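Residue numbers (this note's numbering): 98 to 446. Note that CB positions come from ideal geometry on N, CA and C, so glycine has one too. Values in this document were obtained by computation on a predicted structure and should not be read as measured data. See structure below.
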């Protein structure tokens, strides 16, 4: 256990005790640690809750002096977690910590938040703008920023999905990512801007854009396609947002199943470029990045084509990338790279 894991363990030792403070209305329906939690608000109705931020992607926005898309990332990081329990996102709050309340700066952030809300079909009902220049430091021009959100979704309690019904020989459908999304930016920035000393406006022919433009590509929001899957006669067994830890997120499902990933599509050029420029191992790449798959849906074989058709209807590439097996250790095998994922890491097989 590293320092960060030990720190979180000690934090949760206290935070977790609060779950016993509410009985019936307001009671937690899940353990802490899944993509989202659910609290009971009526006999068969719950609110799904999740919070997340944009992380160091804001530093790329500062380098590019472009702030009109990171709001999309903030919405995406939250709503994509809420749908993992089968809930429909309905609303969000935002928290914007800034160095200097420049009006045009805040307006650009607002544009992205609105666009993200539109894509997710949610309302942003409030938030907080906190000017804390002693803490938030930018690049010297007053553009220091941290951007965080909290999303609320709604779900019938008997429809909560945490992958409890996944069985062996079911199909893993991978939905294409739009690029790096909002995870792995620290490593990507280090490769491009620290190790290789490129500027954010450095153009790469293989990307057909600059490094900064590629890293700022907004995180895809999967709400509309996943909501359609849940409303159709499709037996959705589990839903996984592929963020940090990559395809290891599949193993967060409750069922004792492992995952054989034997048909990964070619990742976007940015991942190959980062790996080459940084001389990064396959193990680290698949641990840190989504490697081209931003979301996974597990279904029985009979429903696989339906899921793919719905995704494509929403202009998202989707394909069968693997299948489930019985495995109490919940390992994730990536056959094309000879990787075995277990205990939150990938290893060469």
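Item: Using three-state DSSP, classify residue 285 as helix, strand or coil.; Value: helix
Item: Quick check on residue 432: does DSSP put it in helix, strand or coil?; Value: helix
Item: Take residue 311 as the anchor and find which of 318, 297 and 320 has the nearest alpha-carbon.; Value: 297
Item: Can you tell me which of 316, 393 and 409 puts its alpha carbon nearest to the alpha carbon of residue 166?; Value: 316
Item: State buried or exposed for residue 112, treating a residue as buried only when at least 16 other CB atoms are found within 10 Å of its CB.; Value: exposed
Item: Would you call residue 226 buried or exposed, if buried means 16 or more other Cβ atoms sit within 10 Å of its Cβ?; Value: exposed
Item: In whole angstroms, what is the alpha-carbon distance linking residue 441 and residue 376?; Value: 22 Å
Item: How would you call residue 314, buried or exposed, if buried means at least 16 neighbouring beta carbons within 10 angstroms?; Value: buried
Item: To the nearest angstrom, how far is the alpha carbon of residue 415 from that of residue 118?; Value: 43 Å
Item: I need the straight-line Cα distance from residue 365 to residue 277, nearest angstrom please.; Value: 9 Å
Item: When the Cα of residue 470 is compared with those of 200, 272 and 370, which residue comes out closest?; Value: Nothing about residue 470 can be read from this structure; the chain reaches only from 98 to 446.
Item: Give the C-beta separation of residue 368 and residue 386 to the nearest angstrom, bearing in mind that I take them to be a contact with Cβ-Cβ under 8 Å.; Value: 6 Å
Item: Could you tell me the boundaries of the beta strand (DSSP E) in which residue 228 lies?; Value: 220-228
Item: Tell me whether residue 254 sits in a helix, a strand or coil according to DSSP, three-state version.; Value: helix
Item: Within 10 angstroms of the Cβ of residue 140, are there 16 or more other Cβ atoms? Answer buried if so, exposed if not.; Value: exposed
Item: For the beta strand (DSSP E) that residue 145 lies in, which residues bound it at each end?; Value: 142-150
Item: Just verifying my parser: in three-state terms, what is the DSSP assignment at residue 185?; Value: strand
Item: Which runs of the alpha helix (DSSP H), 4 residues or longer, sit entirely within the stretch 365-445?; Value: 366-375, 379-385 and 398-410
Item: CB-CB under 7 Å to residue 158, same chain, minus the five flanking residues each way: which ones, in chain order?; Value: 164, 167 and 313
Item: Compute the Euclidean distance between the alpha carbons of residue 282 and residue 263, then round it to the nearest angstrom.; Value: 32 Å
Item: Give the single residue among 423, 214, 344 and 198 whose Cα lies nearest to the Cα of residue 191.; Value: 214
Item: Quickly, what does DSSP pair residue 277 with across the bridge? List them, please.; Value: DSSP output for residue 277 lists no bridge partner at all.
Item: With DSSP run on the structure shown, which of helix, strand or coil describes residue 211?; Value: helix
Item: For the 8 Å Cβ check, are there 3 or more pairs between the stretch 345-363 and the stretch 427-441?; Value: yes
Item: Going by alpha carbons, who is nearest to residue 351 out of 257, 196 and 340?; Value: 257
Item: Given 8 Å as the limit, is there contact between the stretch 120-130 and the stretch 197-207, that is, 3 or more CB pairs closer than that?; Value: no
Item: Using the rule of at least 16 other Cβ atoms within 10 Å of the residue's Cβ for burial, across every protein chain shown, is residue 402 buried or exposed?; Value: exposed
Item: Distance, Cα to Cα, residue 177 vs residue 417?; Value: 20 Å
Item: According to the Cβ coordinates, are residue 217 and residue 186 closer than 8 Å?; Value: yes
Item: So what does DSSP say about residue 242, is it helix, strand or coil?; Value: strand
Item: Here's a check: name, in chain order, each residue in its chain whose Cβ is nearer than 7 Å to the Cβ of residue 422, leaving out the five neighbours to either side.; Value: 265, 354, 355 and 357
Item: Express the C-alpha separation of residue 409 and residue 123 in angstroms, rounding to a whole number.; Value: 38 Å
Item: Quick check: residue 181 and residue 337, are their CB atoms within less than 8 Å of each other?; Value: yes
Item: Helix, strand or coil for residue 309, going by three-state DSSP, please let me know.; Value: helix
Item: Identify, in the order they occur along the chain, each residue of the same chain with its Cβ nearer than 7 Å to the Cβ of residue 404, setting aside the five sequence neighbours on each side.; Value: 270, 326, 331, 394, 396 and 415
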